[in-house]
Amino acid sequence: MQDSTDRRTQKRFATRQKISDTATLLFMDRGFDEVTVDQIAEAAGVSRMTVFNHFSRKEDMIFDLDDVGRHDVLAALENRAAGVAPLEALRLFAHRAVEEGRPYVLFCDAGSDRFVKTVQASDVLMARARAIRDELTDLLAGAMAKAVRRPLTDPAARLAASLVVATWTVAFVEAHSIFHQAQEAKKAYKIFLAIIDQGSIGAKAAVQGTRYA
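Each residue of the sequence shown is one higher than the last, beginning at 28 in this note's numbering.
Structure follows, in structure tokens:
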């Protein structure tokens, strides 16, 4: 019974990934607004209903790593070593993500360059990117408050989470820009982590005296 459940789960994940990969390639080739859900379904070899069973919005197909990133961020907070404050745990997580080559920080290749250009060329995708940042800020604020046993509405947690997400956003944008200009992955990652570290210093200073820092 367990094997059967595992196979169904694996098949579901594989189908979701195939839809996402197909959609992303079509978006990058033709532009997000020029691709329909029916075209994605046909290219992926699935039905329109199957597409919507996995993705409630067309734009989420290109941001399929969002769920993975959120899961890893929460895990970094929940599994942090004793004595490590939440903000430091998140800083270390960013470094670890680069070292391990997590998919959401693999922005130093031709594919990621096309990905960024595709997102920037679509008002719908840019709006969804902003919404994802807001959702991540809410999620992170709650998780940080929970991690130090503070009320979920703690304003210090909201402040810390907002600064972390802003730092990551700037780090991603600058790293992509550096790679686009110089095609030097090492330099791009160095800039990315330098901004993460600098932003972490600022976030810690902003909530100094709390358990978040």
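For glycine and all other residues, C-beta sits at the position ideal for the given N, C-alpha and C.
Nothing here was measured: the structure is a model prediction, and the numbers come from that model.
Check: A116 to A103 span [Cα, whole Å]; Outcome: 6 Å
Check: Residue interval of the alpha helix (DSSP H) (run including R123); Outcome: P113 to E127
Check: Outcome for A215 when other beta-carbon atoms lying within 10 angstroms are tallied against a minimum of 16; Outcome: buried
Check: Separation of A158 from A71, as counted between CA atoms; Outcome: 27 Å
Check: Sub-9 Å separation of F79 and V64 beta-carbons; Outcome: yes
Check: Length of the line joining the Cα atoms of M55 and K173; Outcome: 39 Å
Check: Extent of the continuous alpha helix (DSSP H) run through P182; Outcome: P182 to A209
Check: Own chain partners of P178 with C-beta closer than 8 Å, once the 5 adjacent residues on each side are dropped; Outcome: A172
Check: Buried versus exposed, by CB contacts within 10 Å (16 or more), M153; Outcome: exposed
Check: P113, buried or exposed, once every other Cβ within 10 Å from all chains shown has been counted against 16; Outcome: buried
Check: Cβ shell of D224 (< 8 Å), same chain only, five flanking positions each side left out; Outcome: R118
Check: Helix, strand or coil at L152 [DSSP, three-state]; Outcome: helix
Check: Rounded distance between the beta-carbons of A240 and V191, thought under 8 Å; Outcome: Their Cβ separation, rounded to whole angstroms, is 12 Å, which puts V191 and A240 out of contact at 8 Å.
Check: Limits of the unbroken alpha helix (DSSP H) element including Q235; Outcome: Looking at the DSSP string, Q235 is not in any alpha helix (DSSP H), and its letter there is neither H nor E.
Check: Closest by C-alpha distance to V125, when choosing among A148, D99, I67 and S204; Outcome: D99
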